[in-house]
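A.B. asks: For the sequence shown, full-length UniProt numbering assigns the number 1 to the initial residue and increments by one for each residue that follows.
To start, I am sharing the structure in question, which I have written as structure tokens.
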Amino acid sequence: MRVAFVGKGGSGKTTMSALFARHVASQGGPVVAVDADINQHLAMVLGLDRQPEPLGAHLTEIKERLRGDNPRIPSAEAMVKTTPPGRGSRLLSFDDLAADPYALTTPEGLRLLATGPFSEDDLGVACYHSKVGAVELLLNHLVDGPGEYVVVDMTAGADSFASGLFTRFDLTFLVAEPTRQGVSVYRQYREYAAAYDVALAVVGNKVHGPADVDFLREHVGDDLLTWMEHSAAVRAMEQGRHFTLDDLEPVNADALAVLRKTLDEQEKDWARFGRQTVEFHLRNAHAWGNDRTGSDLASQIDPDFVFGP
């Protein structure tokens, strides 16, 4: 199952991504975490002292690997970030993703991938979505199943909507502080996602008391799934002090369990996934892809390919 964590910058979405990934791993669930944020902090919060090799720096290699011997994709250069799989493409199992050569293993045993930050050559000339394209391609070609968890820390705010990546998930958790700024990102995300059947649930964060919960309920209604209370243990973790899940307050540990239960109950919709993969590929082809590659990218769509196991 694939889950995204989104929210306003500073809402705590990276911390929530890390806590959820650690929680699932502690319960025996296999986890691949992906840092798809331009601010690369997930490795640090997961207890690593270095970053994974950036996926964005190996985009051509990733394309070459995924295209396999698909006759509709003659070369890596003809492949764009939205190119869908077809017959002959190399599909990825969860184990394949976990074994990616650019992943690192965290102290809790989960695997971490990262898009990577801007390089010096990118400054002033490249957009961040060229980096995230590697994640979009990997998820397009991933055939995952129940009990397998891909946890993605997305870029802040509504910037995720600049690509079709926001539709690649079984569930999206929006982390919201009990502030007007926090819930304004929720409204924007909800508005943009409504037309695409994106399953969205709100996780309150940095909650200090009943008044904060009431504020969130007033502004997000039934989308409020659960909340994390202000945590001295989490603050210590963010300051670099030793942290284990046993340090977490019981009410916050319970909130993580609610997140996992909700994700486990989510039904995977392969038909929607395939439909939207094709839709966003055609949209990108018409907007820029055909001109950039000098070919009609619609021809990459295999009408007889069936998404899913």
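Glycine residues also receive a C-beta, built at the ideal position from the N, C-alpha and C atoms.
Source: prediction; values computed, not measured.
#1: Can at least three beta-carbon pairs, one atom from the stretch 33 to 53 and one from the stretch 95 to 113, be found at a separation below 8 Å?
#2: Could you say which of 2, 24, 46 and 168 lies nearest to residue 258 if we only look at CA atoms?
#3: Taking the beta carbon of residue 116 as the centre, do at least 16 other beta carbons fall within 10 Å, making it buried, or is it exposed?
#4: Please classify residue 179: does DSSP put it in a helix, a strand, or coil?
#5: Could you tell me the alpha carbon to alpha carbon distance between residue 276 and residue 242, rounded to whole angstroms?
#6: Candidates 158, 164, 146 and 156: which alpha carbon is nearest residue 138's?
#7: Compare the beta carbon distance of residue 207 and residue 238 with 8 Å and say whether it is the shorter of the two.
#8: From the DSSP output, in three-state form, read off residue 149 for me.
#9: The beta strand (DSSP E) that contains residue 80, what's its start and end?
#10: With DSSP run on the structure shown, which of helix, strand or coil describes residue 29?
#11: What alpha helix (DSSP H) runs, 4 residues minimum, are completely inside the stretch 197 to 256?
#12: Check for me: the alpha helix (DSSP H) holding residue 312 runs from which residue to which?
#13: Along the chain, where does the beta strand (DSSP E) containing residue 46 start, and where does it finish?
#14: Quick one: Cα of residue 301 to Cα of residue 158, how far?
#15: Measuring CA to CA, which of 55, 70, 212 and 255 is closest to residue 304?
#16: By a C-beta neighbour count over all protein chains shown, 10 Å radius and 16 as the cutoff for buried, is residue 2 buried or exposed?
#17: Helix, strand or coil: which one does DSSP assign to residue 16?
#18: Could you have a look at residue 306 and say whether DSSP puts it in helix, strand or coil?
#19: How would you write the range of the beta strand (DSSP E) that residue 5 sits in, first residue to last?
#20: So, does the stretch 56 to 67 touch the stretch 81 to 91, judging by three or more C-beta pairs under 8 Å?
#21: Let me confirm a value: residue 382 is counted as buried when at least 16 other C-beta atoms fall within 10 Å, else exposed. Which label applies?
#22: Quick check: what's the CA-CA separation for residue 169 versus residue 4?
#23: Could you compute how far the alpha carbon of residue 73 sits from the alpha carbon of residue 67?
#24: Go ahead and label residue 212 buried or exposed: buried means 16 or more other beta carbons lie within 10 angstroms of its beta carbon, across all protein chains shown.
#25: If the criterion is Cβ atoms closer than 8 Å, does the pair residue 98 and residue 30 meet it?
C.D. replies: In terms of the structure at hand:
#1: yes
#2: 24
#3: buried
#4: coil
#5: Rounded to whole angstroms, residue 276 and residue 242 show a C-alpha spacing of 42 Å.
#6: 164
#7: no
#8: strand
#9: Per DSSP, residue 80 belongs to no beta strand (DSSP E) and is neither H nor E.
#10: coil
#11: For the stretch 197 to 256, the full-length alpha helix (DSSP H) segments reaching 4 residues or more read 210 to 220 and 232 to 238 along the chain.
#12: With the chain represented from 1 up to 309, any question about residue 312 goes unanswered, as that position is not in the structure.
#13: Segment: none, residue 46 is in no beta strand (DSSP E) and carries neither H nor E.
#14: 28 Å
#15: Distance from the Cα of residue 304 is smallest, within the candidate group 55, 70, 212 and 255, for 70.
#16: buried
#17: helix
#18: Correct three-state label for residue 306: coil.
#19: Its beta strand (DSSP E) spans residues 2 to 7.
#20: yes
#21: What is shown of the chain runs 1 to 309, which leaves residue 382 out entirely.
#22: Cα atoms of residue 169 and residue 4: separation of roughly 7 Å, rounded to the nearest angstrom.
#23: Answer to the nearest angstrom: the Cα atoms are 7 Å apart.
#24: buried
#25: yes
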